[in-house]
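The structure appears right after this line, and notes come after that.
Residue numbers (the working numbering): 3 to 129.
Shown next as structure tokens:
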């Protein structure tokens with residue numbers, strides 16, 4: 003089973019840039035905020051949780067169903083925030099690729115709802 007994704011963001015050490023021109027030299031010092039990496043990693047983790055939950059939500063009506071067990075298996079088999087949606091039912095792979103009317107439901111969900119998911123993830127990640 004997948005684990006929750008841990009984002010590692012490293013910030014470089016501060017740098018000093020010097021530019022010389024006709025009027026003299028200009029010096030700029032670039033320093034990263036102390037909590038930048040931690041805050042960004044947390045916001046990326048929240049954005050990944052949002053993407054996973056929205057994918058499950060939008061795939062629900064597109065997933066083939068007879069007893070709704072496959073939908074429940076996706077909910078139970080997926081760790082929200084892992085970046086991976088896993089189905090626990092043994093027949094899920096065959097249904098995904100070979101179903102007559104509802105095959106490749108993730109691709110159909112992505113084609114119709116990708117913009118909304120990306121917009122929400124960008125809002126959460128703070129871009």
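The C-beta atom is built at its ideal place from N, Cα and C for all residues, glycine as well.
Bear in mind that the values here come from a model prediction, so they are computed numbers and not experimental data.
Hey, out of 92, 78, 121, 64, whose CA is closest to residue 102's CA?
Here the question's residue 102 lines up with position 100 in the chain shown. When only C-alpha atoms are compared, the closest one is 64.
Taking only three categories from DSSP, how would you classify residue 35?
Numbered from its first residue, the chain shown carries residue 35 at position 33. Reduced to three states, the DSSP call for residue 35 is coil.
For the 8 Å Cβ check, are there 3 or more pairs between the segment 26-35 and the segment 51-61?
No, the segment 26-35 is not in contact with the segment 51-61.
So for residue 81, helix, strand or coil by DSSP?
Here residue 81 refers to the residue found at position 79 of the chain shown. Note: residue 81 maps to coil in three-state DSSP.
Just confirm the distance between the C-beta atoms of residue 42 and residue 11, as a whole number of angstroms; I'd bet it's less than 8 Å.
By 1-based counting over the chain shown, the position of residue 42 is 40. By 1-based counting over the chain shown, the position of residue 11 is 9. At roughly 5 Å, the Cβ-Cβ gap stays under 8 Å, so residue 42 and residue 11 are in contact.
Within a Cβ cutoff of 7 Å, which residues of the same chain sit near residue 18, ignoring the five residues on either side of it in sequence?
Translated into positions along the chain shown, residue 18 becomes position 16. If we look at residue 18 and ignore the five residues flanking it on each side, its Cβ neighbours are 29, 31.
Under 8 Å by Cβ, that's how I've got residue 128 and residue 55 pegged, so tell me the actual separation to the nearest angstrom.
On the chain shown, position 126 is the one that residue 128 refers to. On the chain shown, position 53 is the one that residue 55 refers to. No, residue 128 and residue 55 are not in contact; Cβ-Cβ is about 19 Å, not under 8 Å.
Using CA atoms only, rank isn't needed, just tell me which of 123, 110, 14 is closest to residue 66.
Along the chain shown, one-based indexing puts residue 66 at 64. Comparing C-alpha distances from residue 66 to each of 123, 110, 14 shows the shortest one belongs to 110.
Roughly how far, in whole angstroms, is the beta-carbon of residue 53 from the beta-carbon of residue 123, given that I think they are within contact range, below 8 Å?
Mapped onto the chain shown, residue 53 falls at position 51. Mapped onto the chain shown, residue 123 falls at position 121. Between residue 123 and residue 53 the Cβ distance is about 5 Å, and since that is below 8 Å, they are a contact.
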